[in-house]
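Undergrad: In case it helps, this note's numbering puts the sequence shown at residues 21 to 551.
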Amino acid sequence: MPATAQTTPTAKTVQFSDVPASYWAYDYIQGLAKLNVVSGFPDGKFHPEEPVTRAQFAAVLRQAFLPSQSPSAQSFSDVRANYWAADAISAARYSGFLAGYPNNRFRPDAPVRRADALVALASGLRFSNGPSEILNRYRDTSEIPKYAYAALQSAAQADIIVPDNKDATKLSPLKSATRADVAAFVYKALASTTEWPNKPVAVIPAAAISASFSNTGERLATLTREGEKVQVWNAQTTELLSEIVATGENRFLAIALSGDGTKIGVIAQNKTTETLELGLWNTQTKVRLWQQPLNKASEYELLIAFRPDDQMLLVKAVFDEASPVNQIRLYDTTTGAIAQSLTSAYSQIAFRQDGEILAGYNLDGVDIWQLSDSRLIGSFDPGQALPPSCDGQCSYFPTSIAFAPDGNLKVLSQNMFEGILNTWNVQQKTLADTSVPIETDRGDRFEIISPDGKYVFLGGPVAGFRLVNSQTGYSGWKPDFGTQDASETITDRIPADSYSVTPVFSPNGDYFATVGVEANANVYIFAKGKP
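Below, the structure written as structure tokens:
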């Protein structure tokens, strides 16, 4: 089953002459072809009914799930080092997808059976166990090999099984898997796979309008809806650790928690004069360490964030009433003195992990600043990386930015119909990669990128909110808030104005919180890889 090398996927539909739109596996084959997981033959056909060998199946697994997996030194006696699929077979074995036969043989040219293909996916992706009765829908379960039964229950629980296309009541476990079968299984497995379990690990009883994590996600600061107080919580135990209350005519508008969780930056507004001030508080003693005036500004124009080393506090506002120009200022967190100023009009900013580079975006594009000398070192236009499906006619605008651990800048952009995630090499000022176009529902808005750049949080009033894998475009994740009524859906728990839902990731990317899911209370915290 040919699989192309890892390249930048596009949204262009690949037409195979022997796979019409009416074919049962059309969507699965098209989906994997868009992702460059499978490809056709020189004759323009896909040959969907051809059986798949174990070597070909290993190649598909490598392309779909293990593109960066290095082959292990261990090999099979019947797989030569120069065999075309040797690396894929080694990677699939090392990752737990495929095992061999006695005498350390792999039998690369043997056809893979439907049951064995499903066992490989359930094992390699470590699906959770399914109930014993889940396979009762099929009338040929007696044909399932004993060793495969538990894995097929897990596969059914994960909803990756596609029944025999000639008889929907049969699983046909011993039948050789065709190219169409494998495309269906792998497509559904990709759609179901995420590092983020959908049940929250903690629920904080805070009617919050915004929130900010410490670096590790251990602490979470929340700002109440009316701006009357800031609360700091243990994000795992939900213990309230500290509370800072606005005094007199003041209300709090924006907050940022330091990486170590010991300080919190707060922008406050006098409700009578509308003047703003910036304050830095000790979260443990609840003592304000210093404050600085910010003059007047619209609360919707405010940004506040700590530099990764916690030595600087960044604020964006209109600082001079006589010259209403947005500025970014960095304040020394020890003294409160202004250390740096940049003229800007950005909707969001992002620090590189070393704190030396700052990125900011607005509707015109993305700017890159070197903070050591306040120098603009680059600008990126989302229009430079339009997907081929646009044919130059799409209008994209950036919605979120984040620096990946490798120092490259992730820029999430969207138009009315889809979103794309571009990766820019900041040093070379070049486009390094473009994601699969991420399809949207009507009314969807792209909110934020995870710190590792792998996931995009989006939502809207129709489809609700969800995490989408930016590498595959799949949105297999929706939150489970433990609804009380079995007939109640996730969307029922989202307020009519679902744009009020604010997602917040911890800087290390291990946690995120949803703020504003319910009108009256509760911040839901989710943890990567923690069911």
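Cβ atoms here follow ideal geometry from the backbone N, Cα and C, with glycine treated the same way.
I'd like the ranges of any beta strand (DSSP E) spanning at least 3 consecutive residues and lying wholly in the segment 178-263.
TA: If we require 3 residues or more, the beta strand (DSSP E) runs fully inside the segment 178-263 come out as 222-224, 228-233, 239-244 and 249-254.
Undergrad: With distances taken between CB atoms, is the gap from A197 to A541 smaller than 8 angstroms?
TA: Taking the sequence shown and counting its residues from 1, the one referred to as residue 197 is at position 177. Taking the sequence shown and counting its residues from 1, the one referred to as residue 541 is at position 521. Taking 8 angstroms as the Cβ cut-off, A197 and A541 do not qualify as a contacting pair.
Undergrad: Per DSSP, what are the beta-bridge partners of D453 in this structure?
TA: As a position in the sequence shown, residue 453 is number 433, starting the count at 1. D453 pairs with T443.
Undergrad: CB-CB under 6 angstroms to P40, same chain, minus the five flanking residues each way: which ones, in chain order?
TA: Residue numbering aside, residue 40 sits at position 20 when the sequence shown is read from its first letter. No residues qualify anywhere along the chain.
Undergrad: Could you give the residue range of the beta strand (DSSP E) that holds K474?
TA: What you label residue 474 is simply residue 454 of the sequence shown in a count that begins at 1. K474 -> no beta strand (DSSP E), and no H or E assigned at all.
Undergrad: Tell me the residue span of the alpha helix (DSSP H) that contains K283.
TA: As a position in the sequence shown, residue 283 is number 263, starting the count at 1. Looking at the DSSP string, K283 is not in any alpha helix (DSSP H); the run it does join, the beta strand (DSSP E), is K283 to N290.
Undergrad: At 4 residues or longer, what runs of the alpha helix (DSSP H) sit wholly inside the segment 77-149?
TA: Counting only runs of 4 or more, we get 106-114 and 134-144.
Undergrad: Give the C-beta separation of G150 and A176 to the nearest angstrom, bearing in mind that I take them to be a contact with Cβ-Cβ under 8 angstroms.
TA: Start at 1 with the first residue of the sequence shown, and residue 150 comes out as number 130. Start at 1 with the first residue of the sequence shown, and residue 176 comes out as number 156. Indeed, because the Cβ distance is near 5 angstroms, the residues count as touching under 8 angstroms.
Undergrad: Taking buried to mean at least 16 other C-beta atoms within 10 Å of its own C-beta, is P87 buried or exposed?
TA: Counting from one through the sequence shown, the residue named residue 87 turns up at place 67. Flag for P87 reads exposed.
Undergrad: Report yes if the CB atom of P527 is closer than 8 angstroms to the CB atom of P471, and no otherwise.
TA: Translated into positions along the sequence shown, residue 527 becomes position 507. Translated into positions along the sequence shown, residue 471 becomes position 451. For P527 and P471, yes; Cβs fall inside 8 angstroms.
Undergrad: Quick one: what's D387 bridged to in DSSP?
TA: What you label residue 387 is simply residue 367 of the sequence shown in a count that begins at 1. DSSP, once it has assigned bridges, lists G380 and S399 as partnering D387.
Undergrad: Can you tell me whether DSSP reads Y544 as helix, strand or coil?
TA: Position 524 of the sequence shown, counting from 1, holds the residue named residue 544. Reduced to three states, the DSSP call for Y544 is strand.
Undergrad: Work out the CA separation of D63 and V132 for me, nearest whole Å.
TA: Start at 1 with the first residue of the sequence shown, and residue 132 comes out as number 112. Start at 1 with the first residue of the sequence shown, and residue 63 comes out as number 43. Distance between the alpha carbons of V132 and D63: 24 angstroms.
Undergrad: Hey, could you find the ends of the beta strand (DSSP E) Q368 is sitting in?
TA: Counting from one through the sequence shown, the residue named residue 368 turns up at place 348. Segment Q368 to F371, the beta strand (DSSP E) holding Q368.
Undergrad: Beta-carbon within less than 7 angstroms of E297's beta-carbon, same chain only, minus the 5 sequence neighbours each way: which residues are those?
TA: Locating residue 297 in the sequence shown gives position 277, counting from the first residue. The residues are A288, Q311, Q312, P313 and L314.
Undergrad: How far does the beta strand (DSSP E) with L362 in it extend, from its first residue to its last?
TA: Position 342 of the sequence shown, counting from 1, holds the residue named residue 362. Looking at the DSSP string, the run of the beta strand (DSSP E) that includes L362 is I358 to T363.
Undergrad: Pull up the distance between the alpha-carbon of L350 and that of A106, whole angstroms please.
TA: Position 330 of the sequence shown, counted from the first residue, corresponds to residue 350. Position 86 of the sequence shown, counted from the first residue, corresponds to residue 106. Each residue's Cα considered, the two are about 54 angstroms apart.
Undergrad: Ignore the nearest five residues each way along the sequence and tell me which others in K449's own chain have a CB closer than 6 angstroms to its CB.
TA: In the sequence shown, the residue the question calls residue 449 occupies position 429. The residues are G398.
Undergrad: Where does Q448 sit, in a helix, a strand or coil, going by DSSP?
TA: Taking the first residue of the sequence shown as 1, we reach residue 448 at position 428. Here Q448 sits in coil by DSSP.
Undergrad: If you draw a straight line from the C-alpha of K190 to the C-alpha of Y46, how long is it?
TA: Taking the sequence shown and counting its residues from 1, one reaches residue 190 at position 170. Taking the sequence shown and counting its residues from 1, one reaches residue 46 at position 26. Computed Cα separation, rounded: 20 angstroms.
Undergrad: Could you spell out where the alpha helix (DSSP H) holding Y48 opens and where it closes?
TA: Residue numbering aside, residue 48 sits at position 28 when the sequence shown is read from its first letter. Taken as a continuous stretch (DSSP letters only), the alpha helix (DSSP H) holding Y48 covers Y46 to K54.
Undergrad: Tell me V335's beta-bridge partners as DSSP assigns them.
TA: Locating residue 335 in the sequence shown gives position 315, where the first residue counts as 1. I324 and R349, per the DSSP bridge assignment.
Undergrad: Evaluate L383 with the Cβ neighbour count: other Cβ atoms within 10 Å of its Cβ, from every protein chain shown; 16 or more gives buried, anything less gives exposed.
TA: Locating residue 383 in the sequence shown gives position 363, where the first residue counts as 1. It is exposed - the Cβ of L383 has fewer than 16 other Cβ atoms within 10 Å.
Undergrad: Helix, strand or coil: which one does DSSP assign to E294?
TA: Taking the first residue of the sequence shown as 1, we reach residue 294 at position 274. It is coil, neither helix nor strand.
Undergrad: Is A142 closer than 8 angstroms to A171 when the C-beta atoms are compared?
TA: By 1-based counting over the sequence shown, the position of residue 171 is 151. By 1-based counting over the sequence shown, the position of residue 142 is 122. Cβ atoms of A171 and A142: closer than 8 angstroms.
Undergrad: Classify I358: buried if its beta carbon has 16 or more other beta carbons within 10 angstroms, exposed otherwise.
TA: Along the sequence shown, read from residue 1 onward, the residue named residue 358 stands at position 338. I358 comes out exposed.
Undergrad: Check whether the Cβ atoms of N442 and T460 lie closer than 8 angstroms to each other.
TA: Sequence index remark: in the sequence shown, residue 442 carries index 422 (1-based). Sequence index remark: in the sequence shown, residue 460 carries index 440 (1-based). The answer is no: Cβ separation not under 8 angstroms.
Undergrad: With a threshold of 16 other CB atoms inside 10 Å of the CB of P499, please say whether the residue is buried or exposed.
TA: The residue labelled residue 499 in the question sits at position 479 within the sequence shown. Buried.
Undergrad: Just reading off the beta strand (DSSP E) that I468 is part of, what are its end residues?
TA: One-based indexing of the sequence shown puts residue 468 at position 448. Per DSSP, I468 belongs to the beta strand (DSSP E) from R465 to I469.
Undergrad: Using CA coordinates, which residue listed in D187, Y158, K186 and N185 is at the minimum distance from Q173?
TA: Your numbering for residue 173 matches position 153 in the sequence shown. Checked all of D187, Y158, K186 and N185; the closest Cα to Q173 is Y158.
Undergrad: Answer with yes or no whether the minimum CB distance from P122 to chain D is below 8 angstroms.
TA: Among the chains in the structure shown there is no chain D, since it carries only a single protein chain.
Undergrad: Considering only their Cβ atoms, is the gap separating K65 from S37 smaller than 8 angstroms?
TA: Position 17 of the sequence shown holds residue 37. Position 45 of the sequence shown holds residue 65. Against a cut-off of 8 angstroms, the Cβ pair of K65 and S37 comes out as a contact.
Undergrad: Residues in its own chain within less than 6 angstroms of L81 by CB, not counting five upstream and five downstream?
TA: Mapped onto the sequence shown, residue 81 falls at position 61. Hits under 6 angstroms: A112 and F117.
Undergrad: Figure out for me which residue from V202, P71, V182 and L378 has the closest Cα to the Cα of D393.
TA: Start at 1 with the first residue of the sequence shown, and residue 393 comes out as number 373. When each option's Cα is compared against that of D393, the closest is L378.
Undergrad: For P122, count the other beta carbons within 10 Å of its own beta carbon; 16 or more makes it buried, fewer makes it exposed. Which is it?
TA: Along the sequence shown, one-based indexing puts residue 122 at 102. It counts as exposed.
Undergrad: Ordered along the chain, which non-local residues of its own chain (more than five positions away) have a Cβ less than 6 angstroms from that of T503?
TA: Working through the sequence shown from its first residue, we reach residue 503 at position 483. Reliability of the predicted coordinates at T503 is poor, the pLDDT of 48 falling under 50, and the value obtained from them is presented with this limitation in mind. Taken in chain order, the list of residues that qualify is empty.
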